[in-house]
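Engineer: Take this structure first; my questions come after.
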Amino acid sequence: MKRVVEWFYPDPARPLTQVWLASLWMGLVANWPLWKRLLWLPELGDTRGLVFIIAFAGMVVAATGAVLSLFAWPRLVKAVLALLIAVSAALAYFIDSYGIVFDPTMVVNMLQTDVRETRDLLNLRLLFTVLVLGIAPAIWIVVQPRAPAQRFVLRTAGNLASFTIGLIILVVLAMVVFADLSSTMRNHKALRYMITPLNAVYSVSTVAVRSRAAPSGPPQQLGADARLLARQPGTKPPLLLLVVGETARSMNFSLNGYARQTNPELTKLPVISFSDVTSCGTATAASLPCMFSHLGRSAFVDLKGSQENLLDVLQRAGLAVLWLDNQSGCKGLCDRVPNSRTSQLPKGAEPLPTTLCGKDEFGNPECFDEALLHELDKRVAELDTARLKKGLVLVMHQMGSHGPAYYKRAPSDLKLFKPECQSNALQQCKRAEVVNAYDNTIATTDRLLARSIGWLQTQADRFEPGMLYISDHGESLGENGLYLHGLPYAMAPREQTQVPMILWVPSDGVLARSLKPGCLGSLRDKPASHDNLFHTVMGWVGATADVYRPAQDLLAACR
Ligand SMILES: [Zn+2]
0 MKRVVEWFYP
10 DPARPLTQVW
20 LASLWMGLVA
30 NWPLWKRLLW
40 LPELGDTRGL
50 VFIIAFAGMV
60 VAATGAVLSL
70 FAWPRLVKAV
80 LALLIAVSAA
90 LAYFIDSYGI
100 VFDPTMVVNM
110 LQTDVRETRD
120 LLNLRLLFTV
130 LVLGIAPAIW
140 IVVQPRAPAQ
150 RFVLRTAGNL
160 ASFTIGLIIL
170 VVLAMVVFAD
180 LSSTMRNHKA
190 LRYMITPLNA
200 VYSVSTVAVR
210 SRAAPSGPPQ
220 QLGADARLLA
230 RQPGTKPPLL
240 LLVVGETARS
250 MNFSLNGYAR
260 QTNPELTKLP
270 VISFSDVTSC
280 GTATAASLPC
290 MFSHLGRSAF
300 VDLKGSQENL
310 LDVLQRAGLA
320 VLWLDNQSGC
330 KGLCDRVPNS
340 RTSQLPKGAE
350 PLPTTLCGKD
360 EFGNPECFDE
370 ALLHELDKRV
380 AELDTARLKK
390 GLVLVMHQMG
400 SHGPAYYKRA
410 PSDLKLFKPE
420 CQSNALQQCK
430 RAEVVNAYDN
440 TIATTDRLLA
450 RSIGWLQTQA
460 DRFEPGMLYI
470 SDHGESLGEN
480 GLYLHGLPYA
490 MAPREQTQVP
500 MILWVPSDGV
510 LARSLKPGCL
520 GSLRDKPASH
530 DNLFHTVMGW
540 VGATADVYRP
550 AQDLLAACR
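In this text, residue positions in the sequence shown follow numbering that gives the first Met the number 0: the first is 0, and each later residue adds one.
Written out as C-alpha cells, the structure is:
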C-alpha cells in the first residue's frame, strides 16, 4: 500500500502529480455550484442523468488536468496551481450565491470596477469559502518541497503525454454520454461558463488577446461634419438633462405597472415612461459605451478599436457638454468633454451636506445620488459661455440601484419598504427583504428625477429644458435563483435587459409645441432600445451629422 501511495505521491511530489491532485480538487469540490445546478435539472433526475453527471465531472477533471499539464514545470507549477485554486474558490462563492457566470464580459466588468464597488461584494461568507476551499489547499501546495530538476526533453515529453491522456479521457467520456451532453449544453448555455477554473482561464485569455488585437492610438473621429440646425427665431437654446441610471429594471417602476408605489413623485408630473425598452448589454462596461455609440447593438459588438461617441459629436457641433459622475466613472466616454464628480465641487460652492455625502471606512467620499444636484448652477456657470448660448447637454451618471448593497443607496427618509436586506450576501436575506431594499433604490431615483425636473424648471428663463432618463441594464432579484446582472446577453432574462426610460418636457414649451399633438404619449408603448439614444439626443438638441439617422430618432416621427 505504502509503495502504491508513494508511486502516486512521491516525496517530493512530481509536478504532474500536483497538477492532477489540484485538478481533482478544483474539478470536483470548487465546482460544487455546477454539480448542484446539474443535480437540480429535472431532465437529469433519473439514473441515466446521474451517470451523465458523473461522466461530466470526469470530463471537467480531465480537461482541467490536460490544460494544467502544460504548466507542470518545477519552478512554475506551484504558483499556477495556488493562484487557480484560490480563484476557483472565490468564483465558486459568486456563482453559487448570485447565479452569475464567468465569461469575457465579466472580466471586462471586473477590470473597470472601483474599490468601493468591490468592497460592497466582500463579506464573511466569501472570506470563509476562499479560506477553506482556496487558501488552505493553495498553502498546502506551496509548502510541498520542490521536485528535483528533470531533463528538459523528459519534462516536455511527460507534460505532453499527460496533456494527451487528459484529452483522451475527455473525448472518450464525451462520446459515451454524447446525447445527454449535447442536449444539456444546448438547453443550458450558461453551464459552460460555470466550469471553474477553465471559465477563468478562457475568459481572461480571451480579453487579453482581444485587447492586444485592438488598434491603439486615439479613437476614430466621429461626425466630423457635426453642426447645429438653425433655431427658430425667438427660441431659447436647448438644455437636455440626460440621466444615466444604474441597475434599474423597468418592471419595478410603478409608472410601468409595478403594483408597489415606487414612483410617488414622478407620478405627479407629466412624464412619459416608455414601457418596452431594451438595454444593449447586461453590465455597465458593456452597456455604457454602446448607449453612447451611433452604431446600435448589433454593429457595436463587432466594433474593433475605440471610436468617439455622442458627447464628442455634440461638443463638435458647438454645444456645451458636462458629465457629472456619482459612480465609478464614465468608462472613457467623457475623456474629451468637461467632466466632474459629485465629490469635486466647483469654485465657491457650499460644502456637501453630511446628509448627502459621507465617507466610507477608507475615507473615500460616498454620496447619495441627490448630491448630483448640489450647486449645479455653479457647475454650469463654469462651462464655456459661447457654447452655453448654443445649448447644453448635461449628463448625470447615477449610483442608482447598484447592488448587492442596495440598502446603501437610499437615504433614511426614503426607506419606504421595510424590512430591508441589510447584507451584501443577498442569499442570506429573505427574498422579500431584498426586493424591499431594491424598491427603495427605485424610490430614491424617483425623487432624484423629480427634483431634477424641479431644477430644470428654474433654468427655463435661459434654456428650453428637458429630461431623458435611461438605465444601463436591469437586475435579477432572485428570479430562478439569479441575482445581480451580467449574464451573457443571449441567455440573460428580461429582468436584466428591460430598462426604464422616462422623458419630460414642459407641456407649454417650444419643444412640446414643435411635436404633433398627442404624438409623444403615443410613443409610450413603442418598442425602443439603447440603439435609439444617440439619434434621439441628436435630434432633441437640434444637432446633425453624417452619422445621425432620423429613423432611429424616437421623436423624429412626432416633429
Ligand atoms: Zn451598470
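Idealized CB from N, CA, C, for every residue including glycine. The structure displayed is predicted, hence computed values, not measured ones.
#1: When you measure from the CB of Y113 to every non-hydrogen atom of ligand 1, does any distance come out below 7 Å?
#2: CB of E245 to nearest heavy atom of ligand 1: below 7 Å?
#3: For P403, is the classification buried or exposed, using 16 other Cβ atoms within 10 angstroms of its Cβ as the cut-off for buried?
#4: Could you tell me the alpha carbon to alpha carbon distance between M109 and D102, rounded to whole angstroms?
#5: Is S470 closer than 8 Å to G304 when the C-beta atoms are compared?
#6: Return yes when at least one heavy atom of ligand 1 lies under 7 Å from the C-beta of A491, else no.
#7: Mind pulling the alpha helix (DSSP H) runs of 4 or more residues that sit fully within the region 272-304?
#8: What is the rounded straight-line gap between the Cα of A225 and the Cα of A56?
#9: Which two residues bound the contiguous alpha helix (DSSP H) that contains R340?
#10: In terms of residues, what are the limits of the alpha helix (DSSP H) holding G64?
#11: Is there contact between the region 172-185 and the region 40-50, where contact requires at least three CB pairs shorter than 8 Å?
#12: Taking 7 Å as the cut-off, is the C-beta of D471 nearer than that to any heavy atom in ligand 1?
#13: Skipping 5 residues on each side, what residues in its chain have a beta carbon closer than 7 Å to that of S506?
#14: Under the criterion of a Cβ to heavy atom distance below 7 Å, does T283 qualify as lining ligand 1?
#15: Quick one: give me the first and last residue of the beta strand (DSSP E) that C366 is part of.
#16: According to DSSP, what are the bridge partners of P464?
#17: Check whether the region 410-429 touches the region 438-446, counting contact only when three or more Cβ pairs, one atom from each stretch, lie closer than 8 Å.
#18: Which residues does DSSP pair with Q497 in a beta bridge?
#19: Do F252 and T266 have their C-beta atoms within less than 8 Å of each other?
#20: List the endpoints of the continuous alpha helix (DSSP H) containing C518.
#21: Under 8 Å between the Cβ atoms of S564 and V536?
#22: Which ranges does the alpha helix (DSSP H) cover as unbroken runs of at least 4 residues, wholly within the region 133-208, from first to last along the chain?
#23: Assuming I501 contacts L554 (C-beta within less than 8 Å), just tell me the rounded distance between them.
#24: Taking only the alpha-carbon atoms, compute the straight-line gap between W564 and T496 and give it to the nearest angstrom.
Structural biologist: On the basis of the coordinates in this document:
#1: For the sequence presented, residue 113 should be read as Asp rather than Tyr. D113 Cβ: outside cutoff for every heavy atom of ligand 1.
#2: yes
#3: buried
#4: 11 Å
#5: no
#6: no
#7: 283-290, 296-299
#8: 57 Å
#9: Taken as a continuous stretch (DSSP letters only), R340 belongs to no alpha helix (DSSP H), being part of the beta strand (DSSP E) at 338-340.
#10: 46-68
#11: yes
#12: yes
#13: P269
#14: yes
#15: 364-366
#16: L238
#17: yes
#18: T277
#19: no
#20: 518-521
#21: Given that the chain is displayed from residue 0 to residue 558, the structure contains no residue 564 and the question cannot be resolved.
#22: 135-142, 151-175, 177-186
#23: Not quite, the Cβ-Cβ distance comes to about 14 Å (not below 8 Å), so this is no contact.
#24: Since the first residue of the chain shown is 0 and the last is 558, residue 564 is not available in this structure.
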